DNA sequence: AGGCGCTTGTGAAGAGGTGCACAAATCGCG
DNA sequence: CGCGATTTGTGCACCTCTTCACAAGCGCCT
């Protein structure tokens, strides 16, 4: 049930306490807007129109306006949005006003790279601890952090008040690790292992599977190839495809 | 490793001619089904019910049946789906019957890990070439492949018939690299750089942004925290977590 | 052989997301 | 001081995706 609610009117008292209950699709786009806004800010721009920001974020401008309206943003008609203000708004909604501590479990091939990925640090997160089950890896230092044994997790989690757990272990180890994370109170997990995690209600899991992304691309590649291979195949409905078979999900030919 | 050539394939290479024009959401789930099916096959299962497969893939069983029905699969009522047959079907639809060649550009922190990620090789892809713009990195050998300068791209792409390009460069370098990939005929790109790529129509781009995933989790974490701070909302399972949560962020002062 | 339990495949209803098009609001300028 | 150019915010229609519920089909057991 989507309830329309007008989040706090301009003059309302408290500071926008109610989380506006954003559509999930909107939430997923906010970080992209945020990144684009930071770029604009670095360029010295102080305001930006929905059209301009939409182009920078690779989305439709109406969609962007609707997204921003959901979080009760204050654009100025005839002018646009104040870049700095909007950055503050989005960061606040995303809960990025504090730097959240991330625990990374699994310092193998991929985990090693994640531990060194500075995109995390620069966008609101702090990798607070590294874990691995392999004794051979415990003790290794990466980016100033020492890899600890995964059994230390509960102790360290309490000290560092871990907010998010990242799993970069092999698939077989992922579920036990997830259980351990949940046990120490972590309610948000980013899973890079190619498997389905089962977690109690209230725990959010997002999955990133690199091979799956390639397989999706493979499908489209396959489809494109077979389309060009079958010229006019008997005039079936296939050839009657309208304007574009562009993947709606991906970005496509922007501007020019 | 295991390159399952569909064993008892749906007979007739000529069959399955018309690409069924699958819903995008379905395409995105097929790889997950495929992974689950391979697990089942390794366990020796020969058939699986929609319920069972759905559980293994983490989706609703009705959704799974509808997805499979889209690709005209033949389950047996009262029995379920033939695992081997279904694997063959899905691999065929995804275009995984051939092993696609992937070019990886950007062998920095993340790219290095991707180059060594065996999940690609085991799921239908072959990393055929590595590139970087930094002369200091050219010549380095990773996983049996020598890093070449990005200017070699056009020559190598022709030799290896690259099907998919993976961009793991810094954001600033991503667009030029994408242009080069497009120029040599690549029509599918997986972009790890945190920026929007502009490509001509007909080129598919999928983006993976690791920081964005964390930011989305951060939002939910933020929301959950503010909910527990608010009056009773009915829900409950949240408070029953063992171990107790440590991370509670009280603040959410917005604006100004 | 016939009935029974199980499972698929799908129609239909509902939820959610998207994009157009336009009214409302604001600024700058003559 | 009012007008026009500009841009936001949003109602509405469309579309995709999800989920339910159930008839049809299949194999097994008696």
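Chains as they are written, first to last, in UniProt numbering: chain L, 1 to 256; chain Y, 1 to 256. We treat Cβ as the ideally placed atom computed from N, Cα and C, and that holds for glycine. What you are looking at is a predicted structure, and each value in this text was computed from that prediction instead of being measured.
Would you mind working out which of the options sits nearest residue i, comparing C-alpha positions?
i: residue 114 of chain Y; options: Y/196, Y/74, Y/165, Y/205; result: Y/165
i: residue 117 of chain L; options: Y/63, Y/102, Y/110, Y/120; result: Y/110
i: residue 220 of chain L; options: Y/93, Y/56, Y/81; result: Y/93
i: residue 30 of chain L; options: L/46, L/57, L/178; result: L/57
i: residue 188 of chain L; options: L/194, L/206, L/169; result: L/206
i: residue 159 of chain Y; options: Y/103, Y/37, Y/83; result: Y/103
i: residue 136 of chain Y; options: Y/145, Y/119, Y/108, Y/153; result: Y/108
i: residue 277 of chain L; options: Y/225, Y/226, Y/195; result: Chain L is shown only over 1 to 256; residue 277 of chain L falls outside these bounds and no answer can be derived.
i: residue 121 of chain L; options: L/132, L/139, L/101; result: L/101
i: residue 143 of chain Y; options: Y/173, Y/134, Y/112; result: Y/112
Please classify residue i as buried or exposed, where buried requires at least 16 neighbouring CB atoms within 10 angstroms.
i: residue 150 of chain Y; result: buried
i: residue 193 of chain L; result: buried
i: residue 179 of chain L; result: exposed
i: residue 225 of chain Y; result: buried
i: residue 62 of chain Y; result: exposed
i: residue 169 of chain L; result: buried
i: residue 177 of chain L; result: buried
i: residue 147 of chain L; result: buried
i: residue 210 of chain L; result: buried
i: residue 77 of chain L; result: exposed
i: residue 24 of chain Y; result: exposed
i: residue 235 of chain L; result: A caution first: residue 235 of chain L carries a pLDDT of 40, below 50, which makes its placement in the model unreliable, though a value can still be read off. Under this definition residue 235 of chain L is an exposed residue.
Are the CB atoms of residue j and residue i within a distance shorter than 8 Å?
i: residue 212 of chain L; j: residue 186 of chain L; result: no
i: residue 90 of chain Y; j: residue 41 of chain Y; result: no
i: residue 80 of chain L; j: residue 48 of chain L; result: yes
i: residue 83 of chain Y; j: residue 34 of chain Y; result: no
i: residue 167 of chain L; j: residue 106 of chain L; result: yes
i: residue 70 of chain Y; j: residue 130 of chain Y; result: no
i: residue 133 of chain Y; j: residue 172 of chain Y; result: no
i: residue 138 of chain L; j: residue 157 of chain L; result: no
Keeping to the same chain, check which residues put their C-beta closer than 7 Å to that of residue i; ignore five residues upstream and five downstream.
i: residue 182 of chain L; result: 199, 200, 203
i: residue 258 of chain L; result: The structure shown does not extend to residue 258 of chain L, since chain L spans only 1 to 256, so no value can be given for it.
i: residue 52 of chain L; result: none
Report, in whole angstroms, the separation of the C-beta atoms of residue i and residue j, which I expect to be a contact under 8 Å.
i: residue 97 of chain L; j: residue 67 of chain L; result: No, residue 97 of chain L and residue 67 of chain L are not in contact; Cβ-Cβ is about 20 Å, not under 8 Å.
i: residue 223 of chain L; j: residue 215 of chain Y; result: Actually they do not touch by this definition, with Cβ atoms about 32 Å apart.
i: residue 259 of chain L; j: residue 64 of chain L; result: Beyond the ends of chain L as shown, which are 1 and 256, falls residue 259 of chain L; an answer cannot be given.
i: residue 155 of chain Y; j: residue 126 of chain Y; result: Contact doesn't hold; Cβ gap of about 18 Å is too wide.
i: residue 175 of chain Y; j: residue 197 of chain Y; result: 6 Å
i: residue 190 of chain Y; j: residue 217 of chain L; result: 6 Å
Within the same chain, show all residues whose beta-carbon is closer than 6 Å to that of residue i, passing over the 5 residues directly before and after it, in chain order.
i: residue 75 of chain Y; result: 81
i: residue 43 of chain L; result: none
i: residue 208 of chain Y; result: 192
i: residue 39 of chain Y; result: none
i: residue 145 of chain Y; result: 130
What does a CB cutoff of less than 8 Å around residue i pick up in its chain, not counting 5 residues either side in sequence?
i: residue 32 of chain L; result: 57, 58, 59
i: residue 95 of chain L; result: none
i: residue 45 of chain L; result: 83
i: residue 141 of chain Y; result: 147
i: residue 229 of chain L; result: none
i: residue 28 of chain Y; result: none
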